[in-house]
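Note sheet for the following structure.
Protein chains in written order, with this note's numbering: chain A, 16 to 333; chain B, -8 to 142.
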């Protein structure tokens, strides 16, 4: 039995934060509590057509006024240390057709150690061109306030290597990072395929840390391009499969592949007609600096009309 | 200020600001010229033929896609809402399939319509088939059954 009281009828932000506070009291409850956030958001109309990527971004933004609530898990193996299970809840809102903003809450359990809330991130993506082109650029700006114990591996940058994650939580949590992360997202869609390339530049504004760099690339395609006339769960068009690869590129003073980690990960998404999306991605480290294996999975649900509901709450006309 | 309080204030301010911005930019409320976007389709795009025009299932599949992706803004019957215009209007129904496909692909980003190129081409053509199968606003209801004629 989990020591959590869920306030389903409270206004959205209030129960969100009371939830986050409550779940931190129990190591078992933290990931389950974050999952609960996803499952218990109010009953708004919804729809989904999500890409399978977990690390890579394509150029598609959230539909205006829609809120997508997501939960992701990463299980990682750790040489010379304890395996871990990192997790995050993600609230993605389509502010306009050219601007999407997201809030993340991160946590992790290191086996035989402890469970921690490891910080939050605020991400914004801006579509730079109004119409579709062969290559579509999107500008990504994120602020992160995380501890050194953060293990979600949402991106790999600089000289991030497996050994960094072997530090016990009690020590790692004492490091506080304030990072500005920028990405240029380039994405193309043709013949049903999506190909996306992300270039990452990150600056930890605490201390004299240099700019760090990384990359993520991905390709994906629905298993069928035409939709069937009936609603169905197992129709091939509901599945999107692909592969992504991501890793670090060093920093300002030592740019390149030396002492960096890299991963290759098949990805698959299942867009259910009930408007849930499930994602699964086994990732494999490509060199000795990488975790040997990362198993990621996620569940998300999109709620249309969230912006209009908030607007009405404040006396707006929508 | 505690991080949780800061984040709460930030979230509320952001959602309020965004809601106001959406109010101000709502094209369906303040501007009836939204259909002029259709005229911006390049000639080459506008003259494209619907490759699924003879597919008997295309409109039915398009109907399913419409309810999943479009009805939230355009209304369950495509009648239009405060967010987005009616697709039963003569301007839409007179538009060529290629024009509608072009608009779906490129969206009208500054007016709030997202690009829909994330749907494969075949699904966008299925949507076009469905839109063109609907009864135009200028025709009497029941004058032409939906999904009756390929386009």
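Where a beta carbon is used, it is the ideal one built from N, C-alpha and C, also for glycine.
**Request:** Kindly give me the distance between the Cβ atoms of residue 166 of chain A and residue 90 of chain A, rounded to whole angstroms, as I take these residues to be in contact under 8 Å.
**Result:** For the purposes of this step, residue 166 of chain A is identified with residue 151 of the first chain, where counting begins at 1. For the purposes of this step, residue 90 of chain A is identified with residue 75 of the first chain, where counting begins at 1. With 8 Å as the limit, residue 166 of chain A and residue 90 of chain A do not qualify as a contact, their Cβ atoms being about 10 Å apart.
**Message:** Does residue 179 of chain A come out as helix, strand or coil in the three-state DSSP assignment?
**Reply:** To locate residue 179 of chain A, count along the first chain from 1; it is residue 164. Here residue 179 of chain A sits in helix by DSSP.
**Asked** In terms of residue numbering, what span does the alpha helix (DSSP H) encompassing residue 118 of chain B cover?
**Response** As a position in the second chain, residue 118 of chain B is number 127, starting the count at 1. From DSSP, the alpha helix (DSSP H) with residue 118 of chain B extends over 112 to 124.
**Message:** Please report whether the beta-carbon of residue 56 of chain B lies at a distance below 9 Å from any beta-carbon of chain C.
**Reply:** Here the protein chains are A and B, and chain C is not one of them.
**Prompt:** Taking the continuous alpha helix (DSSP H) assigned at residue 81 of chain B, which residues delimit it?
**Reply:** Start at 1 with the first residue of the second chain, and residue 81 of chain B comes out as number 90. Element bounds for residue 81 of chain B: 81 to 85.
**Request:** Just the chain B side, please: which residues come within less than 7 Å of residue 86 of chain A by C-beta, in chain order?
**Result:** Within the first chain, numbered from 1, the residue matching residue 86 of chain A stands at position 71. The premise fails here: residue 86 of chain A is roughly 18 Å from chain B at the closest Cβ pair, so nothing lies under 7 Å.
**Request:** Out of B:78, B:94, B:98, point me to the one whose CA is closest to residue 126 of chain B's CA.
**Result:** Against the second chain, residue 126 of chain B aligns to sequence position 135. For the residues B:78, B:94, B:98, the minimum Cα distance to residue 126 of chain B belongs to B:78.
**Request:** Name the residue from A:268, A:92, A:132, A:327 whose alpha carbon lies nearest to the alpha carbon of residue 189 of chain A.
**Result:** As a first step, residue 189 of chain A is located in the first chain; it is residue number 174 there, counting from the start. Closest by alpha carbon: A:132.
**Message:** Using beta carbons (cut-off 9 Å, strictly below), is residue 39 of chain B in contact with chain A?
**Reply:** By one-based count along the second chain, residue 39 of chain B stands at place 48. So, not an interface residue.
**Request:** Buried or exposed for residue 149 of chain A, please, with buried defined as at least 16 other CB atoms from any protein chain shown within 10 angstroms of its CB.
**Result:** What you label residue 149 of chain A is simply residue 134 of the first chain in a count that begins at 1. The residue is exposed, with fewer than 16 neighbouring Cβ atoms inside 10 Å.
**is_contact[residue 319 of chain A, chain B] using C-beta, thresh 9 Å** = Here residue 319 of chain A refers to the residue found at position 304 when the first chain is read from its first residue. Chain B, which has a Cβ nearer than 9 Å to the Cβ of residue 319 of chain A, makes this yes.
**Prompt:** Under a three-way DSSP split, which group does residue 251 of chain A fall into?
**Reply:** Taking the first residue of the first chain as position 1, residue 251 of chain A is located at position 236. Residue state, collapsed to three classes: helix.
**Message:** Considering Cα atoms alone, identify which of A:197, A:294, A:204 is closest to residue 316 of chain A.
**Reply:** Locating residue 316 of chain A in the first chain gives position 301, where the first residue counts as 1. Residue A:294 is the option with its Cα nearest to residue 316 of chain A.
**Message:** Give me the DSSP bridge partner(s) of residue 125 of chain A.
**Reply:** As a first step, residue 125 of chain A is located in the first chain; it is residue number 110 there, counting from the start. Bridge partners of residue 125 of chain A: A:99.
**Item:** Terminal residues of the alpha helix (DSSP H) in which residue 186 of chain A lies
**Value:** Indexing the first chain from 1 puts residue 186 of chain A at position 171. Run containing residue 186 of chain A: 184 to 187, per the alpha helix (DSSP H) assignment.
**Neighbouring residues, chain A, relative to residue 51 of chain B (Cβ below 7 Å)** = Taking the first residue of the second chain as position 1, residue 51 of chain B is located at position 60. Simply 244.
**Message:** Using 8 Å as the cut-off, can you tell me whether the region 168 to 182 of chain A makes contact with the region 82 to 99 of chain B, which would need three or more C-beta pairs spanning the two stretches below that distance?
**Reply:** no
**Message:** Is it buried or exposed, residue 123 of chain A, if we count other Cβ atoms within 10 angstroms and call 16 or more buried?
**Reply:** Here residue 123 of chain A refers to the residue found at position 108 when the first chain is read from its first residue. Residue 123 of chain A comes out buried.
**Prompt:** In whole angstroms, what separates the C-alpha of residue 117 of chain B from that of residue 161 of chain A?
**Reply:** Indexing the second chain from 1 puts residue 117 of chain B at position 126. Indexing the first chain from 1 puts residue 161 of chain A at position 146. The straight-line gap from Cα to Cα measures roughly 46 Å.
**Prompt:** Pick from A:230, A:261, A:213, A:314: whose alpha carbon is nearest that of residue 284 of chain A?
**Reply:** Taking the first chain and counting its residues from 1, the one referred to as residue 284 of chain A is at position 269. Residue A:314 is the option with its Cα nearest to residue 284 of chain A.
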